[in-house]
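A.B. asks: To start, I am sharing the structure in question, which I have written as structure tokens.
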Amino acid sequence: YKYTSTKTISTSSNTKSTATTFPDLQSKWGFVNDMKFFKAFARSTSANSNWSHQVSKNYTEDELTQKTRKDNFAPLLGMSFSMKGGWTLDLKFNWEMSLQETYTGEQISYVGTQKQTIEAIARYSIRGIAKKKLPLLGTISLENNLNLSLTASYNLSKSETWTRTDPRKQVT
């Protein structure tokens with residue numbers, strides 16, 4: 443895992459911003475290569491996932507003006523297959539979520555977003571080499587490479603906004 447913290451202070455405009463990322467986890471799932479289901483059609487299989495959580499805050503004159511929380515699963519699940527027959531296949535499912543709070547006067551404005559992506563990439567490469575003997579020139583070598591790639595992706599994005607009264611500013 444990784445822990446990252448950043449602080450930026452501007453004395454001329456009396457602003458400060460902080461950003462903290464924890465955790466930033468990456469994992470590889472090695473056991474999928476041994477599963478009988480995948481061995482039926484793939485020479486090798488690997489899977490991985492990644493999750494990072496970030497909180498950032500902006501201040502003006504030491505008063506909180508904006509706070510953002512982000513969770514990024516990129517990929518939530520990613521799988522790579524080396525197929526029998528020479529094909530490779532990469533599958534990824536990514537999921538991102540964020541919530542931004544903006545403090546203005548007595549109101550808090552919220553913007554929440556979610557993004558989901560499914561992506562599949564299939565690749566095939568073939569290489570051919572032929573050697574020919576030619577009179578007076580000797581042996582020449584001819585090489586031919588063919589690379590095929592097919593990418594399909596599906597993206598879904600959703601955003602919501604709402605406001606409420608800031609409980610810190612209410613008079614009781």
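Remember, this note's numbering sits 442 above the position in the sequence shown when you count from 1.
Ideal placement from N, C-alpha and C gives every residue a C-beta, glycine not left out.
With a floor of 4 residues, list each alpha helix (DSSP H) that falls wholly inside the segment 467–552, ordered by position along the chain.
C.D. replies: Segments of the alpha helix (DSSP H) lying fully in the segment 467–552: 478–481.
A.B. asks: Verify whether the separation of the beta carbon atoms of S630 and S486 is less than 8 Å.
C.D. replies: For residue 630 there is no data in the structure shown, the boundaries of the chain being 443 and 614.
A.B. asks: Which residues in the same chain have their Cβ closer than 6 Å to the Cβ of Q496, if we skip the five residues on either side of it in sequence?
C.D. replies: Counting from one through the sequence shown, the residue named residue 496 turns up at place 54. Correct list, in chain order: T463 and K512.
A.B. asks: What are the start and end residues of the beta strand (DSSP E) that includes Y445?
C.D. replies: Position 3 of the sequence shown, counting from 1, holds the residue named residue 445. It is not in any beta strand (DSSP E) - Y445 carries neither H nor E in the DSSP assignment.
A.B. asks: Could you tell me which of T460, Q556 and I563 sits nearest to D532, measuring between CA atoms?
C.D. replies: Position 90 of the sequence shown, counting from 1, holds the residue named residue 532. Per the Cα distances, I563.
A.B. asks: Express the C-alpha separation of I550 and R610 in angstroms, rounding to a whole number.
C.D. replies: For the purposes of this step, residue 610 is taken as residue 168 along the sequence shown, with counting starting at 1. For the purposes of this step, residue 550 is taken as residue 108 along the sequence shown, with counting starting at 1. Taking the straight line joining both Cα atoms gives about 10 Å.
A.B. asks: Have a look at N475 and K481 and give me their C-alpha separation to the nearest angstrom.
C.D. replies: By one-based count along the sequence shown, residue 475 stands at place 33. By one-based count along the sequence shown, residue 481 stands at place 39. Roughly 7 Å separates the two Cα atoms.
A.B. asks: Would you tell me roughly how many angstroms separate the C-alpha atoms of T510 and A594, rounded to the nearest one?
C.D. replies: To locate residue 510, count along the sequence shown from 1; it is residue 68. To locate residue 594, count along the sequence shown from 1; it is residue 152. Cα to Cα, T510 sits roughly 31 Å from A594.
A.B. asks: Here's the rule I'm using: 16 or more other beta-carbon atoms within 10 Å means buried, otherwise exposed. How should S591 be labelled?
C.D. replies: Residue 591 sits at position 149 when you count from the first residue of the sequence shown. When all chains shown are included, S591 counts as exposed.
A.B. asks: Could you tell me whether the Cβ atoms of T502 and T457 are closer together than 8 Å?
C.D. replies: Indexing the sequence shown from 1 puts residue 502 at position 60. Indexing the sequence shown from 1 puts residue 457 at position 15. Yes, the pair counts as a contact, with Cβ atoms nearer than the cut-off.
A.B. asks: Here's the rule: buried if 16 or more other CB atoms are within 10 angstroms of the residue's CB, otherwise exposed. What is P517?
C.D. replies: Within the sequence shown, the letter at position 75 stands for residue 517. Result: buried.
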